[in-house]
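A short write-up of the structure that comes next.
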Amino acid sequence: MAEVQTTTQSGEMTQRFIEFVMMQAQNAALFLGQIPNPQTGQAEVNLEVARMFIDQLVMIQEKTRGNLTTDESTVLRNALSSLQMTFVEASQGAHLAGPASPAPEGTPEAPETAPVAEGLPPAPASAAPSSDPEPESKKKFSKSYGA
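362 is the number of the first residue of the sequence shown in the numbering used here; add one for each residue after it.
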């Protein structure tokens, strides 16, 4: 009985991990312009934010190396390779189109000191009213690269 319960829990954890990876990949695809913005219906490209999601998936791949099932590893590897290829294509297109992709209004363009998140703008210091969901979502992602 305990073996059946462990197998069920393991299957659920595998499914949750795959859902998590796919959610991160979907967020990256949104900022690579592959998925239209649900609020505007327009495809938007923000390479800095897309890079953040891709870097998070790379970090997960490194931190879980040797601990994933074959399915989990395959989903993560395929999602990463697809996103990285799309990122390269999008960044080459942005490079050919102009000096840099425009940052959202009010977002500072000062580069960060962390090498993985180079060029990502810091979270805004002042929070907007809670009726605006976009600034709230930006506050949820904080970076910590050790002390």
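Each residue gets a CB set at the ideal place from its N, CA and C atoms; glycine is no exception.
For residue i, the nearest candidate out of the options (CA to CA)
i    : options                : result
I338 : R377, L437, T431       : There is simply no residue 338 to check, as the chain begins at 362 and stops at 508 in what is shown.
E566 : R412, M413, A390, L418 : No answer is possible for residue 566: the residues shown for the chain start at 362 and end at 508.
V382 : Q453, N407, L429       : L429
M413 : F392, K424, G402, Q422 : F392
S371 : L444, Q422, D432       : D432
Pairwise C-alpha distance: residue j and residue i
i    : j    : result
I396 : Q387 : 8 Å
A451 : G427 : 31 Å
Q376 : T369 : 11 Å
A455 : V410 : 14 Å
M446 : N439 : 11 Å
S434 : L441 : 11 Å
V449 : V419 : 15 Å
F378 : L408 : 25 Å
M384 : T425 : 17 Å
E515 : E380 : An answer regarding residue 515 cannot be provided, because it is not within the stretch 362 to 508 covered by the chain.
Exposed unless 16 or more other CB atoms sit within 10 angstroms - verdict on residue i
i    : result
G394 : buried
A457 : Reading off the sequence shown, one finds Leu at residue 457, where the question assumed Ala. Answer is exposed; the Cβ neighbour count stays below 16.
N398 : exposed
Q400 : exposed
Q453 : exposed
Q403 : exposed
Residue i, DSSP secondary structure in three states
i    : result
L393 : strand
R426 : coil
T401 : coil
DSSP bridge partner residues for residue i (one or two, in chain order)
i    : result
V406 : L393
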